[in-house]
Amino acid sequence: MLKRDPNYRRLRLSSWRLFRSVSFWLGPDHLLMVEVSGYAERYRRFFFRDIQAVLVQQSYRRFNINLILSCLLGIIVVFTLIFGGMGGTVPGDSASAGTIIFWSGVAAVLVGGLVINNLRGRTCIVHVQTAVQTQKLTNLTRWKKADRLLAELTPLVHQAQAPAAAVPVTAVSAPDAPYAPVPEPAAPAAAPTTPESEPPAAVP
Amino acid sequence: MTSAALAEIKCPKCGAAFPPGPPGLRPLSGCLRCGKLTQVLAFPALDRPASRGSAGELVVTEGEATCFYHPQKRAHVPCDACGRFICAMCDLEVSGQHLCPQCLETGAKKGKIKTLERSRTRWDQIVLSLLALPLLIYFIVPATSLAALVILGWQWKKPGSLVAHTRWRFIICGVIAIMEFSTSSIFWWMMLTHSGMFGK
């Protein structure tokens, strides 16, 4: 389990939807996205050395949620004001008062939804681009959370990519100059030989 | 290793390329084609040329170690799993390990290489559903609780979820399954004996 694994740290970016939840974990050399939907758990790993870019794109999700909730709220308010509650017939009667209280409760829930939706901030869609794919980070839909992810990810990716970026492309690796001499770095006299640098032994 | 064309950042919505720029956080700007506001954080890997795999070197002198899969090619590294010598073309680096294609395939199939694992089945959720849903259709409870117990026994040692306490869920489900099975069996036994189906 990842919670007990000291190599992994959970990012506070998790979110829940109906029948689906997503959590993000920072591993030693990768970002792990765990998506649980129904009876399956899917994993996506983004290795820090492979991440080329993170794109945070504006979405209209907040506007759409606001629109739907406002429309519902408007309908309830109009019906409550005009008809004295959807179930009531005569204003002032006890049944009518009960329905007004009920629909006021529903309206309060909708107002609460509107407030929460706006307090959570702007909405966005986050994509991670690597050399072979551009993957959407599911359920990461708020700009605040995306900022938090970028703040966590940026130093790690820079750290993982710094040595590779510093290595110059040698002449021998270029296709047009295959036989150019490789400049040898000045190695210390008693440098230990690593198993990788040794030539492979003969097969018995 | 040969160089290739540098990568470019493309708009995920319309596929149009963003203008090139230095690595780092770029200011919020609209896509040139669809106008979607996008914040781009570019990393140095974007400017790194994509490397192409090596085809492996041919054997030059007699007596040189050769690749297990390509006898005409020079051995590059031994496989970290099986120890066979492999050439640069067969060398597959996964999580810092050098593996031959066969070991990689076997490891991926058996789930031994964690980084290649892409999904797992949540057997604990299946068992929980088997125990909870049939309560509405009470007459099939003995069968479903028995099925839940069979799955528990079958999946007990298999790797569980990465994010949930599978083993604890299994234990709780096991207790519920035994209770469901015993009570429903007693219920059915009493129903059948009192109905006179088995006589007196």
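Top to bottom, those sequences are chains A and B.
Sequential numbering of the first sequence, starting at 1, is according to the working numbering.
Sequential numbering of the second sequence, starting at 1001, is according to the working numbering.
Here a beta-carbon is modelled for each residue, glycine too, at the ideal position from N, C-alpha and C.
Item                                                                                                                                               : Value
Determine the chain A residues that contact Lys-1010/B at a beta-carbon separation under 8 Å, and present them in chain order.                     : Gln-129 and Thr-134
How about Glu-35/A: is its C-beta nearer than 7 Å to some C-beta of chain B?                                                                       : no
Is Ser-1195/B helix, strand or coil by DSSP?                                                                                                       : coil
Which residues, in order along the region 47-58 of chain A, keep a beta-carbon less than 8 Å from a beta-carbon of chain B?                        : Arg-49, Asp-50, Ile-51, Gln-52, Ala-53, Val-54, Leu-55, Val-56, Gln-57 and Gln-58
Return the residue from the list Thr-1121/B, Tyr-1069/B, Gly-1063/B and Gln-1125/B that minimises the CA-CA distance to Gln-1102/B.                : Tyr-1069/B
Measure the alpha-carbon distance for Thr-134/A versus Pro-1012/B and round it to whole angstroms.                                                 : 7 Å
Compute the Euclidean distance between the alpha carbons of Asn-66/A and Leu-114/A, then round it to the nearest angstrom.                         : 6 Å
How is Met-33/A classed by DSSP in three states: helix, strand or coil?                                                                            : strand
Alpha carbon to alpha carbon, what distance is there between Leu-150/A and Tyr-8/A?                                                                : 17 Å
Is the Cβ-Cβ distance between Val-1127/B and Ile-1151/B less than 7 Å?                                                                             : yes
Give a yes or no on whether 7 Å exceeds the smallest Cβ distance from Lys-1158/B to chain E.                                                       : No chain E appears in the structure shown, which is made up of the protein chains A and B.
Whose C-alpha, out of Lys-1010/B, Gly-1111/B, Cys-1090/B and Ala-1177/B, is nearest the C-alpha of Leu-1032/B?                                     : Lys-1010/B
Taking the alpha carbon of Gln-129/A as the reference point, which residue from Ile-68/A, Lys-144/A and Leu-55/A has its own alpha carbon closest? : Leu-55/A
Let me see if you follow: with CB-CB separation under 7 Å, is Gln-161/A close to chain B or not?                                                   : yes
Along the alpha helix (DSSP H) that carries Lys-1010/B, what are the first and last residues, could you check?                                     : Here Lys-1010/B belongs to no alpha helix (DSSP H), and DSSP marks it neither H nor E.
Tell me, which residues are paired with Pro-1078/B by DSSP?                                                                                        : Phe-1085/B
What residues in its chain sit with their C-beta under 6 Å from that of Arg-20/A, if we drop five residues either side in the sequence?            : Ser-37
Out of Leu-1162/B, Ala-1075/B and Trp-1189/B, state which residue places its alpha-carbon closest to the alpha-carbon of Arg-44/A.                 : Leu-1162/B
What does a CB cutoff of less than 8 Å around Leu-73/A pick up in its chain, not counting 5 residues either side in sequence?                      : Ala-107, Leu-110, Val-111 and Leu-114
What residues from chain A crowd round His-1165/B, counting only those whose CB sits closer than 8 Å?                                              : Met-1
My guess is that Ala-40/A and Ser-1119/B are in contact by the Cβ rule of under 8 Å, so how many angstroms apart are they, rounded?                : 6 Å
Quick check: is any heavy atom of the ligand ZN less than 6 Å from the C-beta of Asp-1124/B?                                                       : Here there are no bound small molecules, and the ligand ZN is not part of this structure.
Using only alpha-carbon positions, find the residue among Arg-49/A, Val-126/A and Gln-159/A that is nearest to Leu-1037/B.                         : Val-126/A
Smallest Cα separation from Ile-101/A: which of Phe-47/A, Val-157/A and Val-77/A?                                                                  : Val-77/A
In whole angstroms, what separates the C-alpha of Ser-1145/B from that of Ala-1164/B?                                                              : 22 Å
Measuring CA to CA, which of Arg-62/A, Thr-80/A and Gln-52/A is closest to Leu-119/A?                                                              : Arg-62/A
For Gln-1125/B, which option in Tyr-1138/B, Ile-1086/B, Pro-1142/B and Arg-1169/B has the closest C-alpha, if you only look at C-alpha atoms?      : Arg-1169/B
Would you kindly report the start and end of the unbroken beta strand (DSSP E) that includes Gln-1041/B?                                           : Checking the displayed sequence, the identity of residue 1041/B turns out to be Leu instead of Gln. Looking at the DSSP string, the run of the beta strand (DSSP E) that includes Leu-1041/B is 1037-1042.
Counting only Cβ pairs nearer than 8 Å, list the residues of chain B close to Ala-151/A.                                                           : Those do not exist, as Ala-151/A stays about 10 Å from chain B at its closest Cβ, beyond 8 Å.
Which residue marks the beginning of the alpha helix (DSSP H) containing Ala-1147/B, and which one marks its end?                                  : 1141-1155
Taking 7 Å as the threshold (beta carbon to beta carbon), is Gly-1183/B in contact with chain A?                                                   : Reading off the sequence, residue 1183/B comes out as Thr, not Gly. Not an interface residue.
If you measure between the beta carbons of Gln-52/A and Phe-1043/B, is that distance less than 7 Å?                                                : yes
Considering only DSSP beta bridges, list what His-127/A is partnered with.                                                                         : Leu-55/A and Lys-136/A
In angstroms with no decimal places, state the Cα-to-Cα distance between Val-169/A and Ala-1007/B.                                                 : For Val-169/A, the pLDDT reaches just 39, beneath the cut-off of 50, and the residue's location in the model is therefore unreliable, although a value from the coordinates is still provided. Using only the alpha carbons, I get a separation of about 16 Å.
Could you work out which residue in Met-1191/B, Leu-1041/B, Gly-1021/B and Ala-1016/B is closest to Gly-1035/B when comparing CA atoms only?       : Ala-1016/B
Can you give the beta carbon distance from Ala-1075/B to Thr-1066/B, rounded, assuming they're within the 8 Å contact cut?                         : 6 Å
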